[in-house]
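Below is one structure; the comments refer to it alone.
Right, here's the structure in full:
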């Protein structure tokens with residue numbers, strides 16, 4: 023028998039893959055016949071109801087005179103409107119992400135002594151086990167920062183003698199530890215990637231316990247550790263806006279599914295990181311950045327509506343950019359008229375653009391936002407309104423903050439772990455059944471054929 027070589031093994035894999043394609047085809051009409059909600063979505067894109075939560079409210083429509091009617095998007099954390107939350111801490115000239123973590127985890131806003139105590143608790147937990155950076159992060163560099171983060175979070179399990187204890191105080195201890203250390207894991211994983219994959223210099227900066235998450239992130243990512251206040255404040259707002267978005271988004275639903283099996287906190291967070299890594303979930307803002315790079319390269323006059331509209335039409339008609347027909351950053355599964363996160367982030371992104379002297383690009387973003395809904399509506403059947411989502415402006419904000427593209431989805435995770443942690447605790451305290459939806463087999467019966475007769 024001939025032994026495989028790399029070339030012959032690859033050829034055999036390609037041959038076997040054709041069998042995978044041949045025997046894994048389900049006729050689309052069967053989904054309609056058996057009323058299967060593909061992707062757990064209704065035909066209008068709304069999610070199928072699979073659970074209840076008190077952590078956040080995400081709403082883009084309401085029943086008016088018996089008709090489901092689009093409304094301006096609403097997002098509430100523990101019942102508090104996201105606009106009021108952001109206004110509250112910005113008007114008081116405070117960073118808000120730590121306050122938001124407290125709100126999501128504990129269900130109420132902290133008073134000043136409680137917030138100061140919680141900040142000290144997070145600062146105390148901003149430390150990794152001895153030699154963890156060298157043994158786990160630097161010795162196993164990964165081409166994808168999200169994969170490196172998942173590996174590191176799973177490795178944290180080995181350093182925790184009570185890793186499998188599902189007692190709520192223990193799960194809270196683990197959650198606070200991961201919320202505090204994930205920014206470090208993300209930053210060091212990126213810097214390891216930068217050094218080993220891009221052949222650039224390596225530096226490791228320790229976080230300062232007295233600094234906010236946003237300040238520490240900029241400090242750790244930048245070689246000179248320098249940043250200004252407006253940069254840190256806008257990054258802080260971005261973290262707040264990404265912290266939570268209901269129980270049905272893919273990564274948070276993953277938290278519920280995996281938690282319901284009784285697994286440990288580290289495995290749950292690693293699974294959610296793997297979900298968020300997917301380009302259909304956490305990678306959308308990178309698509310927006312690349313799309314605008316393409317628009318800027320192909321549109322000569324960024325102040326010419328007609329030229330911009332013509333190029334957007336080419337994108338929708340699959341004649342430009344990645345030829346998927348998608349204008350990235352437009353549309354949302356829940357929101358119709360507006361995404362409240364996008365509205366808030368746009369305001370502060372425009373302030374940052376003025377601060378950085380990038381007004382022309384800001385104008386281009388606003389023009390695309392204004393023209394894109396009509397362009398899409400002229401070429402697609404629209405079931406509900408089209409608005410910009412948070413990904414539309416977040417990529418521009420991160421670019422102005424010199425956040426590397428490889429770090430954008432990890433940054434999403436640093437914000438969203440607050441929501442994942444809250445949902446994990448909610449699942450452990452409120453649910454007592456493993457999540458197990460039904461699948462109907464549509465396979466035909468087959469007879470076993472003896473091997474010498476095949």
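In the numbering used here, the protein residues as written are 23 to 476. We treat Cβ as the ideally placed atom computed from N, Cα and C, and that holds for glycine. Values in this document were obtained by computation on a predicted structure and should not be read as measured data.
- In the displayed model, residue 379 falls within coil according to three-state DSSP, outside both helix and strand.
- Contact check for residue 310 against residue 401 fails: the beta carbons are separated by 9 Å or more.
- Put simply, the stretch 325-339 does not touch the stretch 429-436. Fewer than three CB pairs are less than 8 Å apart.
- Listed in chain order, the non-local C-beta contacts of residue 171 below 8 Å within the same chain comprise 204, 207, 208, 211, 295, 432, 435, local neighbours out to five positions each way being set aside.
- The closest CA to that of residue 102, considering only 134, 418, 266, is found on 266.
- Taken in chain order, the whole alpha helix (DSSP H) runs of length 4 or more contained in the stretch 190-248 are 190-218, 235-243.
- Here residue 214 is buried. Its C-beta has 16 or more other C-beta atoms within 10 Å.
- Using a 10 angstroms sphere on the CB of residue 255, the tally of other CB atoms reaches 16 or more, which defines it as buried.
- Within its own chain, the residues whose Cβ lies closer than 8 Å to the Cβ of residue 158, once the five positions on either side in sequence are excluded, are 173, 174, 177, listed in chain order.
- Secondary structure note for residue 253: its alpha helix (DSSP H) is the uninterrupted segment 251-264.
- Contact holds between the stretch 280-289 and the stretch 448-460, because three or more Cβ pairs, one in each stretch, are under 8 Å apart.
- Per DSSP, the continuous alpha helix (DSSP H) segment holding residue 335 begins and ends at 327-338.
- Secondary structure note for residue 121: it is in no beta strand (DSSP E), and the uninterrupted alpha helix (DSSP H) holding it is 119-128.
- In terms of Cα proximity to residue 250, the closest of 269, 424, 362 is 424.
- The alpha-carbon of residue 139 is positioned some 11 Å away from that of residue 124.
- Under the DSSP definition of a beta bridge, residue 290 lacks any partner.
- In this structure residue 463 is exposed. Its beta-carbon is surrounded by fewer than 16 other beta-carbon atoms within 10 angstroms.
- Classified as exposed, residue 114 has fewer than 16 neighbouring CB atoms from the shown chains inside 10 Å of its CB.
- For residue 80, the enclosing beta strand (DSSP E) covers residues 78-86.
- Counting along the chain, the unbroken beta strand (DSSP E) around residue 92 starts and ends at 89-99.
- Beta-bridge analysis with DSSP links residue 159 to no other residue.
- Less than 9 Å divides the Cβ of residue 277 from the Cβ of residue 293.
- In the structure shown, residue 285 falls within a coil segment according to DSSP collapsed to helix, strand and coil.
- Assignment of residue 447 by DSSP, reduced to helix, strand and coil, places it in the helix class.
- With contact defined as three or more Cβ pairs closer than 8 Å, the stretch 29-41 and the stretch 238-245 are not in contact.
- Going by DSSP, residue 319 is part of the alpha helix (DSSP H) stretching over 306-320.
- Residue 321 and residue 57 have their C-alpha atoms roughly 45 Å apart.
- Within the same chain, and ignoring the five residues on either side of residue 449 in sequence, the residues whose Cβ sits closer than 8 Å to its Cβ are 277, 278, 281, 282.
- Inter-residue distance for residue 447 and residue 108 is about 25 Å (C-alpha atoms, whole angstroms).
- Around residue 82, the same chain offers 95, 356, 357, 358 as residues with beta carbons nearer than 6 Å, after the five sequence neighbours per side are excluded.
- Nearest neighbour of residue 291 by Cα position, chosen from 191, 445, 73, turns out to be 445.
- Using a Cβ-Cβ distance cut-off of 8 Å, the stretch 389-397 and the stretch 342-353 are in contact, since at least three pairs of beta carbons, one from each stretch, lie closer than that value.
- Between residue 63 and residue 77, the CB-CB gap reaches or exceeds 9 Å.
- Annotation for residue 350: no alpha helix (DSSP H) segment contains it, and DSSP assigns it neither H nor E.
- Beta-bridge annotation (DSSP): residue 102 is paired with 99.
- DSSP lists 63 as the bridge partner or partners of residue 69.
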